[in-house]
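Trainee:
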Amino acid sequence: HTKIISDAVKETPAKAKESAPKATPKPKKETVSTGADILATKIDLGNGVLRTGNEIVNGFSAVKVKEKARDFARYVVSGGSLSVYTMIGVKMLKETGSCKSTDLAKRMMAGTDGKQYSQGTARAQSQQIHNLLTRFGVIDDKSELNKDSPIAKKLLSV
90 HTKIISDAVK
100 ETPAKAKESA
110 PKATPKPKKE
120 TVSTGADILA
130 TKIDLGNGVL
140 RTGNEIVNGF
150 SAVKVKEKAR
160 DFARYVVSGG
170 SLSVYTMIGV
180 KMLKETGSCK
190 STDLAKRMMA
200 GTDGKQYSQG
210 TARAQSQQIH
220 NLLTRFGVID
230 DKSELNKDSP
240 IAKKLLSV
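Structure below.
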């Protein structure tokens, strides 16, 4: 039997590293905005009304409502996610065309969307969501969907 010996030279670990294909560089992680740039962006509330996110947010006095408004403004400008309570309000708006705070509270207490909330939580959250949707022009003064609202159109498309 004849043994064939290869011409290949055994590579040392250092040479193997040099000849190994280069790894594709990982894409840089997106930086998460602090929100300052987003809140400075003008938001179209419909009917020619433009407001910055800051102008809208600063119209609320309660800290928790300001947080919801800030998150909502970020969502409107750059996408992302909404709070559970806001999503319940949006779902109700999609299904019924309105978002009265009393009806939203009843929905939350009944557990229609998977979790039953206490009366206190349901009332507080429904009032906050109603104020939020009104201030952003999503619903009118009768709590009905504002079909001309660019934000309402975005919410209903999700």
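Heads up, the final residue of the sequence shown is numbered 247 in this note's numbering, and it's a clean run with no missing numbers. For glycine and all other residues, C-beta sits at the position ideal for the given N, C-alpha and C.
Based on DSSP bridge pairs, tell me the residues matched to T185.
Mentor: Bridge partners of T185: none, in fact.
Trainee: Does the contact criterion of 3 or more C-beta pairs under 8 Å hold for the segment 138-149 versus the segment 191-202?
Mentor: no
Trainee: Excluding sequence positions up to five away, which residues of its chain have a Cβ less than 6 Å from the Cβ of Q205?
Mentor: When the five nearest sequence neighbours on each side are left out, no beta carbon in the same chain lies closer than 6 Å to the beta carbon of Q205.
Trainee: Bridge partners of R140, per DSSP?
Mentor: I132
Trainee: What is the DSSP secondary structure of L234, reduced to helix, strand or coil?
Mentor: In the three-state reduction of the DSSP assignment, L234 falls in the strand class.
Trainee: Are the CB atoms of S215 and G226 nearer to each other than 7 Å?
Mentor: Cβ distance not < 7 Å, so S215 and G226 don't count as in contact.
Trainee: Is the beta carbon of R196 sitting closer than 7 Å to the one on M181?
Mentor: For R196 and M181, yes; Cβs fall inside 7 Å.
Trainee: If you follow the alpha helix (DSSP H) that Y206 is in, where does it begin and where does it stop?
Mentor: Premise fails: Y206 is in no alpha helix (DSSP H) and is neither H nor E.
Trainee: Should R222 and K157 be called a contact, given that it needs their Cβ atoms to be closer than 7 Å?
Mentor: At residue 222 the sequence reads Leu, which differs from the Arg that was named. Contact flag unset, no.
Trainee: Less than 6 Å between C-beta atoms, sequence neighbours within five positions excluded: which residues of the same chain meet that for V247?
Mentor: Excluding sequence neighbours, V247 sits near nothing in its chain.
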